[in-house]
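Participant:
Protein chains: 2
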Amino acid sequence: MAASDPTAHEDVLVLRIAAAASRAADGPARTDRGPDPRVARTRAAVAEAATTLFLRNGYQGTSVDEIAALARVSKRSVYNNFADKQTLFTELVLGYTATAEDFAGRLVADLPDATDVPAAIRDLARRHLQAVARPQVLRLRRLIILEAARFPDLAAEYYRRAPGRVISALTEAFQLLHARGELNAPDPQQAAEHYSYLVLGATLDTALFNPDAPTPPEQELQRTAEHGANAFLAAYRPA
Amino acid sequence: MAASDPTAHEDVLVLRIAAAASRAADGPARTDRGPDPRVARTRAAVAEAATTLFLRNGYQGTSVDEIAALARVSKRSVYNNFADKQTLFTELVLGYTATAEDFAGRLVADLPDATDVPAAIRDLARRHLQAVARPQVLRLRRLIILEAARFPDLAAEYYRRAPGRVISALTEAFQLLHARGELNAPDPQQAAEHYSYLVLGATLDTALFNPDAPTPPEQELQRTAEHGANAFLAAYRPA
DNA sequence: TAGGTACTGCACTGTAGAGTGCAAGAGATG
DNA sequence: CATCTCTTGCACTCTACAGTGCAGTACCTA
C-alpha cells in the first residue's frame with residue numbers, strides 16, 4: 021500500500037507517530053483473551069492513512085472513504101475502530117501532540133548547565149528551528165490552525181503542550197541565567213517569546229502562506245537560526 | 021438587514037472594505053447607458069454579506085445560500101453578479117488586500133525623517149501592532165491562511181502586498197538609518213523581519229490558535245509593542 | 001476443528017451545498 | 001407610457017460525503 025503511495029518517502033515518520041497514536045487509544049473491551057491482532061492491524065492502517073491524508077488535505081478535505089481506500093480497509097472497519105471522523109482526528113492529533121511535547125521537554129534541558137551560554141543558545145536555536153521546520157511538523161501546525169475553529173480545545177491543548185512547553189522551559193532557563201548574570205532578562209518569559217519569534221517566526225510564517233513550498237535547505241535554516249540567536253543575544257546580553 | 025445581524029458593530033469596517041471591493045470589479049458591459057443602480061446595490065449587499073460570513077466562518081463554512089439570505093437577495097442574483105463562489109471570494113480578498121497595501125505603504129513613511137529614532141520606532145511599533153491586531157485584520161489573515169491550499173496565488177499575492185510591503189518599506193528605512201549610523205543593521209532586511217516578529221509575532225500567533233479569543237486590551241498591546249521595539253533597539257543599536 | 005469475533009462489500013439513508021433554468025414581477029430609463 | 005434589464009422565487013440536477021445495516025467471509029484462539 022505505502023509503495024503505491026506517492027508520498028511513501030514520508031511514511032517513516034508518519035508511521036511512527038501513527039503507531040504511537042494507535043497505541044494510546046485503548047481498544048475495545050476484551051477482558052479475558054489477549055488482544056486480537058486484526059484490531060491492531062486495522063487501527064494502525066487507518067491511523068497511518070488518516071495521518072497522511074489529514075496532513076496533506078486537511079480535515080474537511082479528507083473523506084472517510086479516502087481513508088479507508090488508502091488503508092486498504094473497508095469503510096465499515098474505520099467505524100468499527102473509531103467512533104466517528106472527529107474522534108479519529110482528535111486521537112491522531114493528540115498522539116502527535118504527545119510526541120511534540122516530549123521533544124519540547126528535551127530541547128532546552130541542558131541549557132542551564134552550559135559553560136558558554138551564547139554558544140549554547142546558538143546551538144539551541146539551530147536544533148530548534150531544524151526540528152520545527154520539518155515538513156510533517158509544519159503541516160501538523162498548519163492543520164491544527166486550520167481546524168482551530170472546529171476543534172478549539174484541541175488547538176488550545178496543542179498550543180499548551182508544544183510551543184507553550186518550549187516557552188515555559190525557556191522561561192525557567194532564562195530566569196536562572198539572569199540570576200547568574202549570564203543574561204539580562206528581568207522578564208524571562210518575555211525573553212523566551214522574543215527568542216522564539218526571532219528564531220522561528222519567519223520560517224513558520226512562510227510555511228503558513230505557502231503550504232506547498234519545499235523545505236528551505238539546511239544551510240538556510242542554519243543561517244536563519246544563527247541570525248535570530250545573535251539578535252536575541254545582542255538584545256539580552258548582560259550589561 | 022445589518023441591524024438584525026449579531027455582528028452589526030463590525031459592519032462599519034466591513035462595509036467600507038466591501039464597497040471598495042465592489043467598486044474594483046468592473047460590472048457587466050453597459051456601454052451606452054449609465055450604470056444600473058440595482059446592480060450596484062445588489063453587488064454591495066452581496067459583498068458585505070459575503071465578507072461578514074467568510075471572515076466569520078471561512079470559505080468552506082459559508083454557503084452561497086447563506087450569503088444570499090444575509091444580503092436579502094436571491095441566490096440567483098449572487099450568481100448574476102459573480103461568476104461563482106470562488107470568484108466572489110477572490111474579488112473580496114483582493115479588495116481587502118489593496119486596503120492593507122495602502123496602509124502598509126503609509127505606515128513607515130515618516131521613519132526616515134525622525135529626529136529621535138528610538139522613539140520613532142517605538143511609536144511605529146505601537147501603531148503597527150494596533151492596526152494588525154484589529155479583529156477584522158486578524159480574521160482576514162487567518163482566512164487567507166486557511167484557504168492558502170485552495171487559493172495559493174491569492175495567499176502569495178496577499179503576503180507580497182501586505183506584510184511583504186511593510187517589510188520592504190522597513191528594509192529601505194533601516195538601510196538609510198544604518199548608513200546614517202543611527203542603527204546598526206548591516207542586513208536591513210533581516211532587521212526588518214526581526215522587528216516584525218518581535219513586535220507582532222506573539223499577537224498574530226495567539227490569534228491563529230485562538231480564533232475566538234477577544235482582542236487583547238489596548239494597554240496590553242502597547243506593552244507588547246513597546247517591549248518588542250525595545251528588544252529590537254537593543255539588538256540593533258549602533259556600536 | 002469449533003466458536004467467536006472482526007473484516008468485507010455493498011447498498012442505502014439523509015444531508016448539504018454548488019450551480020442552473022425559467023417565468024413572472026419590479027424597477028430603471030428614455 | 002414603453003422597453004429593457006435586473007431581480008425574484010422556486011424547483012431542479014448533480015455531486016459529495018457521513019454514517020448505518022446486514023449477510024457473508026476470513027481470521028484468530030482454544
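Order-wise, the sequence lines are chains A and B. Take 21 as the starting number for the first sequence in my numbering and just add one per residue. Take 21 as the starting number for the second sequence in my numbering and just add one per residue. Glycine included, each C-beta is placed from N, C-alpha and C at the ideal position. Keep in mind the model is a prediction, meaning the values are calculated, not measured.
Under a CB-based cut-off of 9 Å, is Gly115/A close to chain B?
Facilitator: No, Gly115/A lies away from the interface with chain B (no Cβ there is under 9 Å from its Cβ).
Participant: For Arg154/B, is the classification buried or exposed, using 16 other Cβ atoms within 10 angstroms of its Cβ as the cut-off for buried?
Facilitator: exposed
Participant: Under the three-state reduction of DSSP, which class applies to Asp56/B: helix, strand or coil?
Facilitator: coil
Participant: Considering only C-alpha positions, which residue in the set Pro237/B, Ala227/B, Ala65/B and Gly184/B is nearest to Ala91/B?
Facilitator: Ala65/B
Participant: Can you list, in chain order, the residues of its chain whose CB lies under 7 Å from that of Glu86/B, leaving out five sequence neighbours each side?
Facilitator: The answer, listed in chain order, is Leu73.
Participant: Check whether the region 207 to 223 of chain A and the region 141 to 149 of chain A are in contact - that is, three or more C-beta pairs closer than 8 Å.
Facilitator: yes
Participant: In terms of residue numbering, what span does the alpha helix (DSSP H) encompassing Tyr79/B cover?
Facilitator: Careful: Tyr79/B lies outside any alpha helix (DSSP H) and carries neither H nor E.
Participant: Name, please, each residue of chain A whose Cβ falls closer than 7 Å to the Cβ of Gln210/B.
Facilitator: His247
Participant: If distances are taken between C-alpha atoms only, which option among Arg181/B, Asn101/B and Ile165/B comes closest to Arg126/B?
Facilitator: Ranking the options by Cα distance to Arg126/B, first place goes to Arg181/B.
Participant: In chain order, which alpha helix (DSSP H) runs of at least 4 residues are fully inside the region 200 to 237 of chain A?
Facilitator: Runs of the alpha helix (DSSP H) lying entirely within the region 200 to 237 of chain A and spanning at least 4 residues, in chain order: 208 to 229.
Participant: Return no unless some Cβ of chain B is closer than 9 Å to the Cβ of Phe229/A.
Facilitator: Contact with chain B is found for Phe229/A, since one of that chain's Cβ atoms lies less than 9 Å from the residue's Cβ.
Participant: Quick check: is the beta carbon of Ile141/B nearer than 9 Å to any beta carbon in chain A?
Facilitator: For Ile141/B, no Cβ of chain A is located within less than 9 Å of the residue's own Cβ.
Participant: Does the region 165 to 182 of chain B come into contact with the region 224 to 239 of chain A, if we say contact requires no fewer than three beta-carbon pairs (one atom in each stretch) closer than 8 Å?
Facilitator: yes
Participant: Using a Cβ-Cβ distance cut-off of 9 Å, determine whether Gly78/B contacts chain A.
Facilitator: Yes, because at least one Cβ of chain A sits closer than 9 Å to the Cβ of Gly78/B.
Participant: Can you give the Cα-Cα distance for Gln242/B and Ala249/B, rounded to whole angstroms?
Facilitator: 10 Å
Participant: Quick one, which of Val93/A, Pro183/A and Arg257/A has its alpha-carbon nearest Glu121/A's?
Facilitator: Pro183/A
Participant: Helix, strand or coil for Ser188/A, going by three-state DSSP, please let me know.
Facilitator: Helix at Ser188/A.
Participant: For the region 191 to 225 of chain B, which residues have a CB atom closer than 7 Å to at least one CB atom of chain A, in sequence order?
Facilitator: Gln210, Glu213, His214, Tyr217, Leu218, Gly221 and Ala222
Participant: Flag this pair as yes or no: are the beta carbons of Glu177/A and Leu114/A separated by less than 9 Å?
Facilitator: yes
Participant: Quick one: grab the DSSP three-state call for Val93/A.
Facilitator: Three-state DSSP puts Val93/A in coil, outside helix and strand.
Participant: Just to confirm before moving on: does the CB-CB distance between Glu202/B and Val128/B stay below 9 Å?
Facilitator: no
Participant: Between Arg162/B and chain A, is any beta-carbon pair separated by less than 9 Å?
Facilitator: yes
Participant: Counting only beta-carbon separations shorter than 9 Å, does Ala134/A have a partner in chain B?
Facilitator: Residue contact check for Ala134/A against chain B: no CB pair falls below 9 Å.
Participant: Can you give me the Cβ contacts of Ile164/A inside the same chain, cut-off strictly under 6 Å, excluding the 5 residues immediately before and after it?
Facilitator: Correct list, in chain order: Ala175 and Tyr178.
Participant: How about Ile87/B: is its C-beta nearer than 9 Å to some C-beta of chain A?
Facilitator: no
Participant: Where Ala254/A and Pro237/B are concerned, what is the direct C-alpha to C-alpha distance, given to the nearest angstrom?
Facilitator: 30 Å
Participant: Taking Pro172/B as the query, report the chain A residues whose CB atoms sit under 8 Å from its CB, ordered along the chain.
Facilitator: Under the 8 Å cutoff, chain A gives Asn230, Pro231 and Asp232.
Participant: So Leu160/B packs on Tyr116/B, CB below 8 Å; how close in whole Å?
Facilitator: With 8 Å as the limit, Leu160/B and Tyr116/B qualify as a contact, their Cβ atoms being about 5 Å apart.
Participant: Considering only C-alpha positions, which residue in the set Glu246/B, Ala67/B, Ala259/B and Ala251/B is nearest to Leu144/B?
Facilitator: Glu246/B
Participant: For Phe252/B, which three-state DSSP category applies?
Facilitator: Correct three-state label for Phe252/B: helix.
Participant: Short check: CB of Thr71/A to CB of Leu112/A, under 9 Å?
Facilitator: yes
Participant: Among Gln80/B, Thr235/B, Pro206/B and Ala67/B, which residue has its Cα nearest to the Cα of Val93/B?
Facilitator: Ala67/B
Participant: Leaving out five residues before and five after Ser42/B in sequence, what residues of the same chain have Cβ atoms less than 6 Å from its Cβ?
Facilitator: Caution applies to Ser42/B, whose pLDDT of 44 falls short of 50 and renders its modelled position unreliable; the model cannot decide the point.
Participant: Given that Leu112/B touches chain A, what residues does it touch there, using C-beta distances under 7 Å?
Facilitator: By Cβ distance, chain A contributes nothing, its closest Cβ being about 18 Å from Leu112/B, past 7 Å.
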